[in-house]
Structure formats: C-alpha cells, structure tokens
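Student:
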Amino acid sequence: ALVYAQALVISFSSLLCFSLSVTLLDSRSVQGDLAWVASPMEGGWEEVSIMDEKNIPIRTYQVCNVMEPNQNNWLRTHWIRRGPAQRIYIEIKFTLRDCNSLPGVIGTCKETFNLYYLESDSDNERYAHESRFAKIDTVAADESFTQVDIGDRIMKLNTEVRDVGVLSCTGFYLAFQDVGACIALVSVHVFYKKCPLAVRNLAQFPDTVTGADTSSLVEVRGSCVNHSEEQEVPKMYCGADGEWLVPIGNCLCNPGYEERNEQCQVCKVGYYRSLSSDGGCRKCPLHSYSIEEGATSCDCDKGYYRSETDPAAMPCTRPPSAPHNLISNVNETSVLLEWSAPLSSGGRQDLTYNVVCKQCVRDTQRCMPCGDDVRYSPQRLSLRSTRVSVHQLQAHTNYTFQIWAVNGVSKHSPSLEQAVSVTLTTNQAAPSTVMMVQSKDITRDTLSLFWDEPDKPNGVILEYEVKYYEKDQNERSYRIVKTTSRSTDIKDLTPLTSYVFHVRARTAAGYGEFSAPFEFSTNTVAAPVVGGVMSSAVLLLLVAGCVVVLLLILIITFIITKRRSKYSKTKQAEEKNLQPGVRIYVDPFTYEDPNQAIREFAKEINTSCIKIEKVIGIGEFGEVCSGRLKLPGKREICVAIKTLKAGFTEQQRLDFLSEASVIGQFEHPNIIHLEGVVTKCKPVMIITEYMENSSLDMFLRKNDGRFTVIQLVGILRGIASGMKYLSDMSYVHRDLAARNILVNSNLVCKVSDFGMSRVLEDEPEGAYTTRVRGGKIPIRWTAPEAITYRKFTSASDVWSYGIVMWEVMSYGERPYWDMSNQDVIKAIEEGYRLPPPMECPLALHQLMLECWMRERADRPKFSQIINMLDKLIRNPATNSTLIKKKLRWYRIEIGIGRCSEFLVTDRDRF
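Quick note, the sequence shown lines up with residues -32 to -1, 1 to 878 if you use mature numbering (1 follows the signal peptide of the UniProt record, and there is no 0).
(1) Should the stretch 269 to 277 be regarded as contacting the stretch 292 to 303, the criterion being three or more beta carbon pairs within less than 8 Å?
(2) Just to confirm, are Ala102 and Thr80 a CB contact at a threshold of 8 Å?
(3) By Cβ distance below 8 Å, which residues in the same chain neighbour Cys577 in space, the five residues on each side in sequence not counted?
(4) List the DSSP bridge partners of Gln360.
(5) On a CA-only basis, which of Pro71, Thr45, Gln54, Gly72 is nearest Ile60? Give me that one, please.
(6) How many Å lie between Ala166 and Met204 at the Cα?
(7) Can you tell me where the alpha helix (DSSP H) with Ala473 in it begins and where it stops?
(8) Tell me which residues share the same chain as Thr354 and place their Cβ nearer than 8 Å to its Cβ, disregarding the 5 neighbours each side in the sequence.
(9) Near Pro805, which residues of its chain fall below 6 Å by C-beta distance, leaving aside the five closest residues on each side in sequence?
(10) For Thr114, which residues in the same chain have their Cβ closer than 6 Å to its Cβ, ignoring the five residues on either side in sequence?
(11) Only counting the same chain, and skipping five residues up and downstream in sequence, which positions put a Cβ closer than 8 Å to that of Leu(-9)?
(12) For Lys794, name the three-state secondary structure that DSSP assigns.
(13) Do Ser302 and Ser357 have their C-beta atoms closer together than 8 Å?
(14) Since Ile458 and Leu520 should fall inside the 8 Å C-beta cutoff, what is the C-beta to C-beta distance between them, to a whole number of angstroms?
(15) Which residue marks the beginning of the alpha helix (DSSP H) containing Tyr757, and which one marks its end?
(16) Can you tell me whether Ser533 is buried or exposed, with buried defined as 16 or more other CB within 10 angstroms of its CB?
(17) Pull up the DSSP beta-bridge partners for His157, would you.
(18) Measure the alpha-carbon distance for Phe369 versus Leu319 and round it to whole angstroms.
(19) Rounded to whole angstroms, what's the CA-CA distance from Arg228 to Asn218? Just pull it up for me.
(20) Report the residue from Arg827, Leu311, Lys439 whose alpha carbon sits nearest the alpha carbon of Thr761.
(21) Helix, strand or coil: how does DSSP classify Lys839 here?
(22) Does the separation of the CB atoms of Trp820 and Arg801 fall below 8 Å?
(23) Residues in the same chain with beta-carbon distance under 8 Å from Tyr769, minus the five sequence neighbours each way, listed in chain order, please.
(24) Once DSSP output is grouped into helix, strand and coil, what is the label at Leu(-13)?
(25) Residue range of the alpha helix (DSSP H) that Gly690 falls in?
(26) Would you kindly work out how many angstroms separate the C-alpha atoms of Pro844 and Gln814, rounded to a whole number?
(27) With a cut-off of 8 Å, do at least 3 Cβ pairs link the stretch 459 to 474 to the stretch 482 to 489?
(28) Please state whether DSSP places Ser629 in a helix, a strand or coil.
(29) Just to confirm my understanding: we take Leu142, look at its own chain, exclude 5 residues before and 5 after, and list those with CB closer than 6 Å. What are they?
(30) Which value, in whole angstroms, describes the spacing of the CA atoms of Cys335 and Asn299?
(31) How many whole angstroms separate the CB atoms of Ile580 and Thr647, which I take to be in contact at a CB cut-off of 8 Å?
(32) Using the Cβ count rule (16 or more neighbours within 10 Å means buried), how would you classify Pro556?
(33) Closest to Gln199 by C-alpha separation, out of Val188, Val16, Asn222, would be which residue?
(34) For the beta strand (DSSP E) that Leu392 lies in, which residues bound it at each end?
(35) Report all residues from its chain with a CB closer than 6 Å to the CB of Asn41; omit the five preceding and five following residues, and keep chain order.
(36) On the criterion of 16 or more Cβ atoms from any shown chain inside 10 Å, does Val34 qualify as buried, or is it exposed?
Here you go:
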C-alpha cells in the first residue's frame, strides 16, 4: 500500500522555527542508501526511494506487516556524534495508514510506533538490542490516510518532534520500533539548538549551545565591538529555545566613533566626538575644523582659541577688543576710573577687567609698578564692573593706568590691543596722620612733646597743630599750640594732672587728620620754702607716703593673685573631671580656606615613598588602590590609596581631601587610620591603613555561618567602641552601615567612609539641619527623625548601629529585604521593626529594638551599648536562647486596594 507514497506531493516545512539549529543527521541529505540496521533483516523495515516535492529522490524506510500479529520490527540509525550538544531534538516526518481502511486486520494493526536511543562513546553496536535502548516516546499520527486518499493522491504527512537530554557520551544511536503499523518514515532530522551570533548594545555574543535542561539559561559575557569600550559588563542569557534573553550592560563607542547599525563607525572629516558618553558625531563648532576621520576634538581656526575648561562643543573664541571711553577723575591722591565695555567680547561670556598701575618719573619715559600700599576698590583683578577707585597714591606724582579686557583665551594672544590707558598727575593733598607722639622734660607745670614727620607729607609741611585737654575734662574745652618744628613746649599745666594730646600737620592743601590720643601726666606740686629744715621734712613726708602706698598696692595685688590662682586650679580640675582627655572635633567646613584644614590635620607625603600595586575598587572621585608606604626611618607597610581622577575641578579636589581633614583628627583602634595625603603633585591621593578583608557586609556574606555568636558580638563591640569615640568628640557619622565598616586580617572592625558626616552643634541635643548633597539618604539605615526632618544626632547613629547589628547577625543580609524605600518608611511609621535573624540571641535582638525606639531620647548611648555587649561576652549563658528560624514580613494584595501582612518562616512554602 505504501508504494503510492512515491507519488506523494508534500511540503516539508518544519513544525517549529528556531533561532539557530545545528544538524547532526538529516536522512534527506544522504546521497545513496541510508544503510541503517533493520531487525529482522527480512520482512521488517525496508529501505525504498520516493520523490519529494521537488521531484528529487530521497531514501525512506517503510513497514506494513499489519496482517500478522506480534510484530517487533526494529530500525537503528548509524552512530551519531553529538558534538557540544547536551540536549538533542529529533524531527520525524512520516505517513501512517488508517487501520479502519484495511479489512481483516482488527487486533493486529497498530497506529503508533516507538522511538528509542542509546548513548555510546564509539560506534560499536552492530544490532539493535531492545534491552539496551532507552525509550524516548510512543509516537502516534495526527493524520492517517486511507485507500481512497492514495487513489486521490492525497497523503497525510505527520511531523513530530521529540527531545532527549542530558547527553554525556560522545555519540548515540536512534531506533524505531514497529509493533504492527503501516508506516513510512519520510525523513528523520536530528539537531541541537544554539543561540546565534548576536550584537546587543554594541556587545557581540558568540554562537552558544543551549543548556542541558529545557528551563536552563546559559550566561554569556559579550565582548565589545571594534572601537568601543565597556561601560557596564555586557551579559545575556541563552534560553533553551535558542533565543537570547535579558540583555544586561552595554558598551560605548570610543571617542571619534559613533554607533550606527550596532557598530562603531568613524566620524567623518569635519565632525568629532569627544567623549564615549556623548551622542553621535557632531559637526565641528564655529571657527574650528577637523581634517582627519575619527577626530575627538576640532582644532581652532587661526586667531581663535579654546581655553582648558571649554567643552569640545563650544565654538572657538578670541580675546576681546580693548575697553573704550576711559575717564579718570583725580581727587587729591585718589583716582576714579570709569570705562565702557569692549566693542567685541570675543564671543565669550567670561569677560573681566584687570587694572595695571605704573608710577612714572616726570620728564622721562621710565615707569615702575605701583607699590603694594596702593588700594583698589572693589579690587584690581577680575573686575566685573567697569569702575574702580584707586587710593593712597602719592601727591604730585605722574601715574599711568591700563585697563585690560580679559576673557578665558586672552593668555593665548596677549596684546596691547586689549587694553586702554590713561596718564594723570595727582593733586596736592593734605598730609597723612602723625603716628607717634612722645614726651620729655616733664615738670610740675610743663612738658616737652616731639614727633616724627607723617609717612606721607604730600608736600611741604607748613606747621603742626597740637590740641590738648585735661583727661577728666570735656574734649570741647581744649587748647591749641602751633609750631613749625616737630616739637614744642606745653606750659601752664596743672601739677599731678593727666593730659590728652593730639597732633596734626598742615600743607598748602590743608590740615591732615589729628593723631590718635597720647596721654601724659605732670609731676607733683613743690612745697613752699620756709627753710632748709622745713623743705627736708616735707620731702621726707612725701617719700614715706609713697612707700606706704606702694606697700599697700603690693599686698592687695598678692591677695588677688592668690585667689585667682586658686579659682583657676579649681576650674581646671572641674573641667578635667567633666571631660578627661577628650578632644572636640573641628569641622573643616568652617575654615575660610579649606586648604588650611587639610594642612593642619593631614600629613603631606612625598610620592617617592608610595608604591601603587593594583586597583581594588572604584570610589566616588576615582580609583581605590592597594600599595605600600615606606617613610624614612620606618618599616614598609601596606596601605590603601584613594586617587582623584584627572580633570578635576578645585571644588572636587577640596571635597575629595575634606575626608582626609576629617579622618586626620581621629586616633582610635576602631576608626580607620589616616597615614597622610599627596596634594603637591598629581594624582592627588589619600593614604589610609590597608584593611585586608574589605567591607564588613561582603566579608560576612563570604563567611556565612562560620562564626560563633561570641565572635559576632565581639565584632559589634569593636564597632560600638569606635562610635562611642566619635560621639565623645561631638561628632555624628550619618552613614553608619556594614558596607562602611572595614575588616583587617585580625578581624578588627574599623569605622570608615566619612563622606556624609557632619559635626554636632554645641547645644545638649547636638541636632542640626543637614544640607545633604544630592538629597541622598540611606533610608534603610536612617532614623525616622533624620528622614523626615533632616535632624541628625548621636541618637540617629544609634538607630543605624541597630541596623548594623542586624546585618552582622544575619551575615550581611539586606535590611528589609526587597521592600521599596517607601514601604520601609511606611512600615517603620506603623511600628514595624526587623525580626531577629536566625541563631540570634534574644538579648541581642532586644538591644536592637532599644536602638530602634521611636523617641530618640529613649535610645541607649553608645557607652551603655558597650556595657550591654560586655555583659553578653562575660556571660555566654545569656546567648543560649536563640531564634532558630528566620522570620520575615511579607505583604500580599488581597482584592482591590487591600493588603495584609503575614509573619512567616518559610518564604518558598508560603
């Protein structure tokens, strides 16, 4: 009946479409006989030729022993090498006769056949042994044909696909068992699947064989296409169906190239691309050009320039023209200069003005720069306004002033064409103030005064005027004495009286200012002379009185000094009892010059003492490296080195070094130690001690379950000790978390990362309103009042310490798991607190809950925390009551807009 199949016109389209398949066997492509092994050799499967839809002969096998019962006809393929495949697919195309269309075969005719396979490392099977083969499946036909179909040339072709895995041997055999069907195997196609070569996000992923399991995903790392670099490691997963899934990461085209059709194409002439993060190639900006492909920047036209800080997209510019309409107004020894802005700013917005002052000798061309005593208001350099006042010039002197217009590219082509100048002569001016007045020859009613000439006489001194009055009298009742010399005698004074004197000078331009007050006193009154005896007695009486007064003064001074000394010692003792040996932290941000704080708290290290060995991470400002430090006279030590990436601004440099000026104030075994900084050459570096085991959270995850409870409590005790030290220094950390705790080779934990820290105020609460850069707060570690009101205290650090305790006892698990930040905030407001981790002592969890009290005043101090931990260490029996299971909160939605929370111990079962 199957001879009619030779005339069958059929379509051999595949049942399934795969991204890429690799053929191991295709019976249709075999030239000549298939020569598969049939058992029995006679009367069973028979190899015949038929014509396919293109009238090309193909070899097939058929069997149709439906009249005889108990058929067991086997057909085995040749040995098939599996290659790299772990799972193979078998596509079978066949026709099958409907048993109902065959009369007299009831009970013996079947409409199915069985498919088997056998793994083998070599072609050593000569026969098909049923006992050694493993069954894949019983294959049934979806469509069968009848005798009428054959007459009408309508045949029903069935296509079935089966898969087998996991294969481990070098190759395998397939076998087909007929149990009494009328069947023809039109073709057998054996293949395995691969994810094809693909390019995603400028990363190329090679042909990849699918995994052994139907649900497995094979992770493949991509390689950046030519002329590109990794921004984030590119990865994709090869699915079991041969399709790429879940693209992660990407590459970026190098400068000078742009992305087109998943490739990096070079920028054309006249275009550029300066950064890998930029978009496509851009046309060169105004007044610039590129003459080669792949330009990363464009050169400026002749006469145009670009400053070091100008972005590549900015047009090239030129220096400004000179200011014009310069007007000067001389007022004695001061000058007011005003001018108009240049007609051309050079195409820039950073126009400023510099003032150059030169003092010139009359009747000559010789000029010299003005001295440092000349004053400029508001300033001499980088003026934004078109007006400046110059003071403290010399009188009757020639000056030349130049006003320079300056922008960001002026230094590339300095020229007098950018300046306007004016020459002027200052007027006659009053003399400057007399600085020092002295006295001599003081008697009972006279004294002599003398003084120096003013620093700036500003002409010929015509006379001096002395104003004086009694110290106890009103200044308005003064007397005046005039003199042409620099001294004078003041007469008719009252004996034993203090007088105040002022002196001023006068030139043709008028009087200068009076000097500061100078105070002098006359001597005692002379007694009337009645005789030699009488005069001696009076003199003796006066001397005795002076001695008595002097003794009284000495006694009173001694008593006051003793009392003050006693008070001072008492006060020092009280202060010592209040704060024995505790330093107070100095906020480097309060310094007018931040560089001064860096010089004060961080030691400068010569780069010749530092050897960088390898990069161990990436920080906010640049790379973090490990290396060695060898200071003169000291042994070599391992250090961690933070570097500042190239192209930094001055503000970035100060922000980077500010952490060093913070750490440099701390000296504690549980605080990271600063070795020094490098600021005088590039790269700028911060050198700290090297912590071999990196951050605490990563260290705990790598060593999950390896420590005893006492060891974990010891870790917590060290962290608390460091935080107590910071609290005693009136300092708040703000970002206390396991990721910011470093661990050395001796398992000593040290607090680090002071980038978000601030000093506490002096008031008892020590709270302050933060200025969070970027507005970023670590929600999962931060106290509620700090999140809501930006109020940080040592109590908010205690809350964060409680989270660190939970991290340590859970071996680095993420606090609040996969809850969003908003869910965390809401849960805390509703009273939810993290449950105890597995194997956590109840006493430790109770301490965590105390750290998480809503009212910050109810939370323990770090000194109290240390005492509690010490008790746990001294009394291990306290740790015997443990939580045996991890308890987690899960929130599920029930209905619309409703939710409930459940505390469960087994997430998967839940």
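C-beta: ideal position from N, C-alpha, C; glycine also.
Source: prediction; values computed, not measured.
Tutor: So, to answer that:
(1) By the Cβ criterion, the stretch 269 to 277 is not in contact with the stretch 292 to 303, since fewer than three pairs of Cβ atoms, one from each stretch, lie closer than 8 Å.
(2) The count along the sequence shown starts at 1 and reaches residue 102 at position 134. The count along the sequence shown starts at 1 and reaches residue 80 at position 112. No, the pair does not count as a contact, with Cβ atoms beyond the cut-off.
(3) Translated into positions along the sequence shown, residue 577 becomes position 609. Beyond the five residues adjoining it in sequence on each side, Cys577 comes within less than 8 Å, by CB distance, of Leu597, Lys598, Leu599, Pro600 in the same chain, given in chain order.
(4) Within the sequence shown, residue 360 is the residue found at index 392, counting from 1. Looking at the DSSP output, Gln360 shares a beta bridge with no other residue.
(5) In the sequence shown, residue 60 corresponds to position 92, counting from 1. Looking at the Cα atoms, Thr45 is the closest of the given residues.
(6) Locating residue 166 in the sequence shown gives position 198, counting from the first residue. Locating residue 204 in the sequence shown gives position 236, counting from the first residue. About 10 Å.
(7) For this step, residue 473 is matched to residue 505 along the sequence shown. It is not in any alpha helix (DSSP H) - Ala473 instead sits in the beta strand (DSSP E) that spans 466 to 475.
(8) If you number the sequence shown from 1, residue 354 lands on position 386. Excluding sequence neighbours, Thr354 sits near Pro291, Glu306, Trp307, Ser308, Ala309, Tyr321.
(9) Taking the sequence shown and counting its residues from 1, one reaches residue 805 at position 837. Around Pro805: Met777, Ser778.
(10) Within the sequence shown, numbered from 1, the residue matching residue 114 stands at position 146. Contacts found: Asp66, Ser69.
(11) One-based indexing of the sequence shown puts residue -9 at position 24. Result list for Leu(-9): Ile48, Arg49, Arg50, Gly51, Ala53, Ile56, Val158, Phe159, Tyr160, in chain order.
(12) Residue mapping note: residue 794 aligns to position 826 of the sequence shown, counting from 1. Reduced to three states, the DSSP call for Lys794 is helix.
(13) Within the sequence shown, the letter at position 334 stands for residue 302. Within the sequence shown, the letter at position 389 stands for residue 357. When the beta-carbon positions are compared, Ser302 and Ser357 come within less than 8 Å of each other.
(14) As a first step, residue 458 must be located in the sequence shown, where it is residue number 490. As a first step, residue 520 must be located in the sequence shown, where it is residue number 552. Contact flag wrong, Cβ pair sits at about 33 Å.
(15) For the purposes of this step, residue 757 is identified with residue 789 of the sequence shown, where counting begins at 1. Following the DSSP letters along the chain, one finds Tyr757 inside the alpha helix (DSSP H) bounded by residues 752 to 757.
(16) Position 565 of the sequence shown, counting from 1, holds the residue named residue 533. Confidence is the limiting factor: at Ser533 the pLDDT is only 45, short of 50, which leaves the residue's position unreliable and the question unanswerable from this model.
(17) Your numbering for residue 157 matches position 189 in the sequence shown. In the DSSP assignment, the residues bridged to His157 are Asp(-7), Glu59.
(18) By 1-based counting over the sequence shown, the position of residue 369 is 401. By 1-based counting over the sequence shown, the position of residue 319 is 351. Going by the C-alpha atoms only, they are around 19 Å apart.
(19) Residue 228 sits at position 260 when you count from the first residue of the sequence shown. Residue 218 sits at position 250 when you count from the first residue of the sequence shown. Going by the C-alpha atoms only, they are around 15 Å apart.
(20) Position 793 of the sequence shown holds residue 761. Put simply, of Arg827, Leu311, Lys439 the residue whose alpha carbon is nearest the alpha carbon of Thr761 is Arg827.
(21) Indexing the sequence shown from 1 puts residue 839 at position 871. DSSP, read as helix, strand or coil, puts Lys839 in helix.
(22) Taking the sequence shown and counting its residues from 1, the one referred to as residue 820 is at position 852. Taking the sequence shown and counting its residues from 1, the one referred to as residue 801 is at position 833. With respect to the 8 Å criterion, Trp820 and Arg801 are classified as neighbours on the basis of their beta carbons.
(23) Locating residue 769 in the sequence shown gives position 801, counting from the first residue. Answer for Tyr769: Ile687, Ala688, Met691, Leu704, Cys819, Phe830, Ile833, listed in chain order.
(24) Here residue -13 refers to the residue found at position 20 when the sequence shown is read from its first residue. Of the three classes helix, strand and coil, the one that applies to Leu(-13) here is coil, per DSSP.
(25) Taking the sequence shown and counting its residues from 1, the one referred to as residue 690 is at position 722. Where Gly690 is concerned, the enclosing alpha helix (DSSP H) stretches over 677 to 696.
(26) Taking the first residue of the sequence shown as position 1, residue 844 is located at position 876. Taking the first residue of the sequence shown as position 1, residue 814 is located at position 846. Their Cα atoms are separated by approximately 16 Å.
(27) Below 8 Å, enough C-beta pairs join the stretch 459 to 474 and the stretch 482 to 489 to call them touching: three or more.
(28) Here the question's residue 629 lines up with position 661 in the sequence shown. Looking at Ser629 - three-state DSSP - the assignment turns out to be helix.
(29) Counting from one through the sequence shown, the residue named residue 142 turns up at place 174. Only Thr45, Tyr85 meet the Cβ criterion.
(30) Here residue 335 refers to the residue found at position 367 when the sequence shown is read from its first residue. Here residue 299 refers to the residue found at position 331 when the sequence shown is read from its first residue. Rounded to the nearest angstrom, the two C-alpha atoms are 22 Å apart.
(31) Against the sequence shown, residue 580 aligns to sequence position 612. Against the sequence shown, residue 647 aligns to sequence position 679. Incorrect: roughly 17 Å between the Cβ atoms, too far for contact.
(32) Within the sequence shown, numbered from 1, the residue matching residue 556 stands at position 588. So Pro556 counts as buried.
(33) Taking the sequence shown and counting its residues from 1, one reaches residue 199 at position 231. When each option's Cα is compared against that of Gln199, the closest is Asn222.
(34) Here residue 392 refers to the residue found at position 424 of the sequence shown. Counting along the chain, the unbroken beta strand (DSSP E) around Leu392 starts and ends at 387 to 393.
(35) Within the sequence shown, numbered from 1, the residue matching residue 41 stands at position 73. Excluding positions up to five away in sequence, the list reads Gly12, Trp13, Val31, Asp146.
(36) If you number the sequence shown from 1, residue 34 lands on position 66. That one is buried.
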